[in-house]
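Participant: What follows is a single structure, and I will ask about it in a moment.
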Amino acid sequence: MDDDLIDDSGFELGMPSHVDMLKHYCCVLEAELDITRRDLRRAHQNIAGLIIMHRDAAKALAMLKVENQRITLRLSDFYAAERERETSRMTYGYGDYTKK
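For reference, each letter of the sequence shown is one residue, going 53 to 152 in this note's numbering.
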């Protein structure tokens with residue numbers, strides 16, 4: 053009698069023994085360990101790249117902060133000179149009525 057309800061192909065040689073199953077399990081674990089080590093090496097490389105990127109970005113940020121301070125100081129000097137010029141022009145336009 054043929055029973056097609058259960059696919060029993062692959063068991064022509066019989067069930068694997070407990071030792072065979074443990075050997076197979078060890079092979080699977082070794083393969084997973086190799087994959088994990090490969091992923092870990094790749095993660096270390098990515099982290100090293102990110103550290104270099106962060107260092108370069110920090111240097112660029114420091115240079116930009118110095119440039120920003122320099123420009124801010126220059127602009128404040130420019131605004132002070134402009135304010136002084138406007139004040140002197142207003143004084144000249146309205147006359148100077150201070151007693152001398």
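Using N, Cα and C, we set each Cβ at its ideal position, and we do this for glycine too.
All values derive from a computational prediction rather than experimental measurement.
#1: Using a Cβ-Cβ cut-off of 8 Å, state whether Tyr-131 counts as contacting chain C.
#2: Nearest-angstrom Cα distance between Arg-93 and Leu-127?
#3: Give the straight-line distance between the Cα atoms of Leu-113 and Ala-100, rounded to the nearest whole angstrom.
#4: Quick check: what's the CA-CA separation for Cys-78 versus Ile-103?
#5: Is DSSP giving Leu-81 helix, strand or coil here?
#6: Express the C-alpha separation of Asn-98 and Asp-86 in angstroms, rounding to a whole number.
#7: Rounded to whole angstroms, what is the Cα-Cα separation between Lys-117 and Glu-84?
Facilitator: So, to answer that:
#1: You won't find chain C in this structure, because it holds only one protein chain.
#2: The alpha-carbon atoms of Arg-93 and Leu-127 are separated by roughly 50 Å.
#3: Straight-line Cα distance between these residues: approximately 20 Å.
#4: When only Cα atoms are considered, Cys-78 and Ile-103 end up about 37 Å apart.
#5: DSSP, reduced to helix, strand and coil, places Leu-81 within a helical segment of the structure shown.
#6: Taking the straight line from one Cα to the other gives about 18 Å.
#7: Rounded to whole angstroms, the gap between the alpha carbons of Lys-117 and Glu-84 is 48 Å.
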